[in-house]
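Below is one structure, written out as structure tokens; comments come after it.
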Amino acid sequence: MTDFRFIPITPHPLLSQYVAKIYVFESSGRLPAKERKLIVPNANFKLTLTYRNGIVAGIGDKTFIQAENKLSLTGLIDLPVILDSQEDAQTGTIIIEFNPLGAYRFFNVSYAEVKNQIVELADLIGKHAEELQSQLVEANSINLKLQLLQNFLIKQLEKTVADPIYDYCIGRILGADGLLTVTQLEKETGYSSRWLHRKFSEHLGTGAKNLSEIVRFKQFYHAYSTGVKLQNLKEQIYHNYHDQSHFIRAFKRFTGSTPTDLQNSTNELSTKQYKS
Numbered sequence: 121m122t123d124f125r126f127i128p129i130t131p132h133p134l135l136s137q138y139v140a141k142i143y144v145f146e147s148s149g150r151l152p153a154k155e156r157k158l159i160v161p162n163a164n165f166k167l168t169l170t171y172r173n174g175i176v177a178g179i180g181d182k183t184f185i186q187a188e189n190k191l192s193l194t195g196l197i198d199l200p201v202i203l204d205s206q207e208d209a210q211t212g213t214i215i216i217e218f219n220p221l222g223a224y225r226f227f228n229v230s231y232a233e234v235k236n237q238i239v240e241l242a243d244l245i246g247k248h249a250e251e252l253q254s255q256l257v258e259a260n261s262i263n264l265k266l267q268l269l270q271n272f273l274i275k276q277l278e279k280t281v282a283d284p285i286y287d288y289c290i291g292r293i294l295g296a297d298g299l300l301t302v303t304q305l306e307k308e309t310g311y312s313s314r315w316l317h318r319k320f321s322e323h324l325g326t327g328a329k330n331l332s333e334i335v336r337f338k339q340f341y342h343a344y345s346t347g348v349k350l351q352n353l354k355e356q357i358y359h360n361y362h363d364q365s366h367f368i369r370a371f372k373r374f375t376g377s378t379p380t381d382l383q384n385s386t387n388e389l390s391t392k393q394y395k396s
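Position in the sequence shown counted from 1, then plus 120, gives you this note's numbering.
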């Protein structure tokens with residue numbers, strides 16, 4: 121039986137506005153065959169260091185390998201992800217998740233190009249990532265690796281400035297749990313939907329409408345992952361969705377399954393990751 125766990129880490133205060141969470145994932149080997157190995161989209165970008173073994177991720181019809189001792193950036197994901205260790209051996213990974221407000225403040229990359237992709241950080245920002253990777257290999261403890269990563273992010277943050285219109289829109293979408301239309305954002309900001317879409321594509325890699333759909337489902341799935349039975353979430357479902365078919369379409373889109381099928385299967389990876 122493979123043992124795995126997520127160990128939560130408190131972000132540095134200077135990063136806490138932009139970093140949704142930091143955790144260490146440890147596994148004794150590949151996950152059991154009966155485990156779905158599913159990770160459900162949560163609207164966060166991810167910076168990953170696989171310091172022991174590697175990770176294999178299936179996103180849509182593509183497979184990505186996050187090799188040992190490499191830093192990888194995962195763009196915005198709006199598809200279910202299937203995850204497992206590369207080798208059937210002990211695995212250790214540090215994951216830093218940036219909320220939708222955060223990623224553009226750290227990396228000057230084309231976020232539309234990394235949507236639903238996992239890319240080595242060195243391929244995106246060059247020598248700075250290579251230098252950091254070398255330092256991380258030499259660091260002989262998890263705490264030191266975490267310190268190096270957070271110090272790097274603090275320096276990256278100092279190089280950028282905030283985009284107040286984009287930040288306002290993100291705050292409104294998150295504050296409304298995804299129940300906010302682009303038309304409302306147009307009225308509140310005075311900018312057209314085309315302008316807002318361009319701004320979101322630049323900083324996020326997708327439009328405001330798609331982000332709202334991910335955030336809306338996240339509210340449901342967070343409750344679901346704590347063990348609340350589906351029948352007990354009907355009030356929340358009908359608050360967030362027009363009808364049952366609307367909800368089922370969203371559920372299949374983000375999990376790849378029907379609610380009944382997923383509830384009758386083993387999916388500890390997703391539920392533990394969501395609660396970490």
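Even glycine gets a Cβ: it sits at the ideal position worked out from N, Cα and C.
Local Cβ density within 10 Å of residue i, reported as buried at 16 or more and exposed below that
| i | result |
| --- | --- |
| Glu333 | buried |
| Ile197 | buried |
| His323 | buried |
| Ser205 | buried |
| Ser136 | exposed |
| Ala249 | buried |
| Gly195 | buried |
| Leu134 | exposed |
| Gln267 | exposed |
CA-to-CA distance, residue j to residue i, given in whole angstroms
| i | j | result |
| --- | --- | --- |
| His132 | Asn164 | 18 Å |
| Gly174 | Gly376 | 24 Å |
| Phe124 | His342 | 20 Å |
| Gly178 | Pro200 | 8 Å |
| Gln146 | Ser345 | It should be noted that the sequence gives Glu, not Gln, for residue 146. Distance between the alpha carbons of Glu146 and Ser345: 20 Å. |
| Val239 | Ser321 | 18 Å |
| Lys265 | Leu256 | 6 Å |
| Arg172 | Gln393 | 19 Å |
| Ile290 | Val302 | 11 Å |
| Lys247 | Glu188 | 18 Å |
Continuous alpha helix (DSSP H) stretch holding residue i: start and end
| i | result |
| --- | --- |
| Val190 | Correcting the residue identity first, residue 190 is Lys in this sequence and not Val. Where Lys190 is concerned, there is no enclosing alpha helix (DSSP H), given that its DSSP letter is neither H nor E. |
| Gly291 | Pro284 to Gly295 |
| Leu331 | Ala328 to Ser345 |
| Pro379 | Pro379 to Gln383 |
Start and end residues, beta strand (DSSP E) containing residue i
| i | result |
| --- | --- |
| Glu86 | Residue 86 falls outside the range modelled here, since the chain spans only 121 to 396, and no answer is possible. |
| Lys166 | Phe165 to Arg172 |
Cutoff 8 Å: residue i Cβ touching any chain C Cβ
| i | result |
| --- | --- |
| Arg125 | The structure shown contains no chain C, having only a single protein chain. |
Just list the alpha helix (DSSP H) runs in the segment 198 to 281, keeping only unbroken ones of 4 residues or longer that don't cross its boundaries, in chain order. The segment 198 to 281 contains these whole alpha helix (DSSP H) runs: 241 to 245, 247 to 258 and 262 to 278.
Three or more beta-carbon pairs under 8 Å between the segment 368 to 387 and the segment 134 to 148, yes or no? Contact between the segment 368 to 387 and the segment 134 to 148 is absent, because fewer than three Cβ pairs lie under 8 Å.
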